[in-house]
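Have a look at the structure below before the remarks.
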Amino acid sequence: AVEWCEQVREWPETRCMARANRWEMFCHDAGHALEAWGYPDGHGYSFDAEPAEEASKSSKSTKSSFHPGFHDAMRTYVQAPGRFGVAAYDVVLIDGRFRNACAFAILPYLRQGSVVF
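Residue numbers for the sequence shown follow this note's numbering, beginning at 1 and rising by one.
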């Protein structure tokens, strides 16, 4: 993801907008190696979907992609709109991870006429 951000920053369009203070991009490294589709790699982590006491009551074991450390690291990513000191955004593009959370996080920074993609 960080490599992609560096490529986008070099595009003539984004460089022009950045020089005019019309473009701000926040790239976040979650600090974890990733597998396909951006899931945490799971090395050294537990992916149990249920807390241990709940899992012991259940006859079958379940797994999920939930990873507490990864999700905690991504909180900064979701809360990025508040990092720039902007009261309201004109245009917002939500693309990447945690789209639903990002959409809810941007709500306080929208005004009538703001556009969200």
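All residues carry an ideal CB built from backbone N, CA and C; glycine is no exception.
In angstroms with no decimal places, state the Cα-to-Cα distance between residue i and residue j.
i	j	result
R97	W11	22 Å
D72	H28	12 Å
V2	R9	11 Å
D90	P108	13 Å
C102	R19	26 Å
R99	M74	12 Å
G69	G82	22 Å
Please look up how many angstroms separate the CB atoms of residue i and residue j, rounded, as I've assumed it's under 8 Å.
i	j	result
A88	S114	6 Å
V92	I106	5 Å
P116	I94	Sequence inspection shows Val at residue 116; the Pro mentioned does not correspond to that position. 7 Å between Cβ atoms; contact.
F84	E24	5 Å
Where does residue i fall in DSSP's three states?
i	result
V78	helix
E53	Here E53 scores only 48 on pLDDT, less than 50, and its place in the model is too uncertain to base an answer on.
D29	coil
Per DSSP, residue i is paired with what?
i	result
V91	V115
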